[in-house]
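First comes the structure, then the notes that go with it.
Chains as they are written, first to last, in this note's numbering: chain A, 1 to 252; chain B, 1001 to 1356.
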């Protein structure tokens, strides 16, 4: 065995993984907790928002699909919250700490700002406007989450990386459901209303990738909490979204 | 939140000169809570000179061994490990939280899996639990262990590993890599570096391609080198399981500074974050977190409700009062930790640190 010791910071900078709350230095803990809280809050807020549109589904199949998405998103929040519990979070209180269904007016302009109450991504502060709008939002956000979860699956806190990798495959299914739903709506002649929703949601989902140049990214990168810059992730999402939308005759 | 339970020491014996294997029995009907998964660890607590210390040690028993056993290697200057090695006796009571940790993969009896294990020194403890459990639960499984030590006399569980080789003939093999003791095969002497791994993988001693999962537990540089070598040989990141040493835990904390006299009116807060320190004015109706955020300090927070503990910081000087605390435990509060989203200044001057 090697006898030389290594600081946790150097270990992380070289790609090392941490495995338990006991190994985690204070600033790493803080950034990791923020990241987990952001995911949990976004999932709970997303699920709460989607729960309201279950009844707007045009048929039983659609309502089942929407209900499944609500179930999965809530379950994903639970999985990450359980990791937060290892750091001391009171999970029962946390789950009810905020009114997750609360939304701002549809025309509110908050950019990338999060609300003061919780850490959900800004995009989850906007309300859904009916079934078609919800399907569009779910498609664009589903593709974004796919890109973001791939990044998060590489995170240096191994228990969390494993949870994110599990979640990633399930999130892909949501996106498939959204594509199926969108195709059905287009066949029913809803293309123009859907295009309005695409125009509304696209910049808001794009903002969830964060600032173009972020000093924070480098700090997180040194801790192994981030790997690919925001702009590169956003570009990947833009390409994927454009390809899916074009195939369906919508413009990105 | 997990609770501590009493465990009785039913056996304690040395595995090498400076490491003990402690067998524990949950008392007061807590046995079900200690039903562990291979590779997990126990977190113990004990008071040393009026201050609570918590230390985690991996379980070394297999899941079906019918006992709860941990291995504790003495660390230089380590209060808990020294005490466990020198003073702990059969009949003593220890306090531990139920098993935790994710250093394992699911087992499937009918599978035909091949596994690799890499352990350095006392890093063998959780790997031993995984080896025993896996070979028993998956009758077709093969397991190869690379075990790094300074010399022959520092090899923990040496006889136990030999026994396992005999029990699972042809399914379990061990390669001992010794830093200072020469061996018949040159390849087995020295440090487990990426180069050494590459030689082992290239020479056919280990089949990386066939392996489903690799488990690594040891000192950080060793783990990094092995992981790199595995990836270079085609293993995916998701197939590599790491467990950091228990030895890499924060040391003993200094005592909290005494609070200065409290009065009303404006207060000052000196806030350290990411290595930089700033002193700001604050209103007594503001929390420490609000004071930091208003002054453009990127202090961490999430729930703002005293629930999640993201905003935890340490009070080094002065006194604050928390409106609510659902996340910090008594021992953390004793060390001066507070939830900054809930912490209002009581003394005129407050010094806090988010980096500790």
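Just so you know, even glycine gets a beta-carbon here, dropped at the ideal spot from N, CA and C.
Interface with chain A (8 Å Cβ-Cβ cutoff): residue 1098(B) is excluded. In the three-state reduction of the DSSP assignment, residue 1113(B) falls in the coil class, being assigned neither a helical nor a strand state. By the CB criterion at 8 Å, residue 248(A) and residue 186(A) fall inside the cutoff.
Between residue 1124(B) and residue 1100(B), the C-beta spacing is not below 8 Å. Selection 1163(B), 1129(B) and 1319(B) evaluated against residue 1061(B) yields 1129(B) as nearest (Cα-Cα). Taking residue 98(A) as reference, the option from 11(A), 37(A) and 227(A) with the minimal CA-CA separation is 37(A). Closer than 8 Å to the CB of residue 151(A) there is not a single CB belonging to chain B.
At a cut-off of 8 Å between beta carbons, residue 1195(B) makes no contact with chain A. Taking all protein chains shown into account, residue 73(A) has 16 or more neighbouring C-beta atoms within 10 Å of its C-beta and is therefore buried. In the three-state reduction of the DSSP assignment, residue 147(A) falls in the helix class.
Within chain B, no C-beta atom comes nearer than 9 Å to that of residue 78(A); the closest sits roughly 15 Å away. The C-alpha of residue 1167(B) lies about 38 Å from the C-alpha of residue 153(A). Counting only Cβ-Cβ distances below 7 Å, residue 1310(B) has contacts in chain A at 30, 33, 34 and 37, in chain order. Sequence-ordered contacts of the segment 1320 to 1338 of chain B with chain A read 1326, 1327, 1328, 1329 and 1332 [C-beta pairs closer than 9 Å]. The distance from the Cβ of residue 197(A) to that of residue 109(A) is about 18 Å, inconsistent with a contact at the 8 Å cut-off. Within the segment 83 to 106 of chain A, contact with chain B at the beta-carbon level (separation under 8 Å) is assigned to 84, 85, 86, 87, 88, 89, 90, 93, 94, 97 and 98. When C-alpha distances from residue 16(A) are compared across 1243(B), 1232(B) and 1327(B), the shortest belongs to 1243(B).
For residue 1166(B), there is no enclosing beta strand (DSSP E); the enclosing alpha helix (DSSP H) has its first and last residue at 1158 to 1167. At a cut-off of 8 Å, the C-beta of residue 1058(B) has no neighbouring C-beta in chain A. The DSSP assignment places 1093 to 1096 and 1114 to 1120 as complete runs of the beta strand (DSSP E) inside the segment 1082 to 1129 of chain B, in order along the chain (cut-off: 3 residues). Legend: CB atoms of the segment 12 to 26 of chain A lying less than 7 Å from CB atoms of chain B belong to residues 14, 15, 16, 17, 18, 19, 20, 22, 23 and 26. For residue 1069(B), the uninterrupted beta strand (DSSP E) segment begins and ends at 1068 to 1073.
When the five nearest sequence neighbours on each side are left out, the beta carbons in the same chain lying within less than 6 Å of the beta carbon of residue 1304(B) are those of 1341, in order along the chain.
Excluding sequence positions up to five before and after residue 160(A), its CB lies within less than 6 Å of the CB of 83, all in the same chain and listed in chain order. Residue 76(A) carries a helical assignment under DSSP once its states are collapsed to helix, strand and coil.
Close to residue 154(A), with beta-carbon spacing below 9 Å, are these residues of chain B in chain order: 1237. According to DSSP, residue 93(A) shares a beta bridge with no other residue.
The three-state reading of DSSP puts residue 1194(B) in helix, counting H, G and I together. Closest in C-alpha terms to residue 28(A), from the list 216(A), 233(A), 230(A) and 252(A), comes 216(A). According to DSSP, residue pairing for residue 1045(B) in a beta bridge involves 1054(B) and 1095(B).
The way I'd put it, the segment 1169 to 1180 of chain B does touch the segment 1133 to 1144 of chain B; three or more beta-carbon pairs between them come closer than 8 Å. Interface annotation, residue 1156(B): not in contact with chain A, CB-CB separation never under 8 Å.
Selection 1096(B), 1164(B) and 1065(B) evaluated against residue 1033(B) yields 1096(B) as nearest (Cα-Cα). Taking the Cα of residue 1214(B) as reference, the smallest distance to any Cα among 1204(B), 1119(B), 1069(B) and 1109(B) is reached at 1119(B). Residues of the segment 1188 to 1215 of chain B with a C-beta less than 9 Å from any C-beta of chain A: 1191, 1192 and 1193, listed in chain order.
Under the 10 Å beta carbon count, residue 1109(B) is surrounded by fewer than 16 other beta carbons and is classified as exposed.
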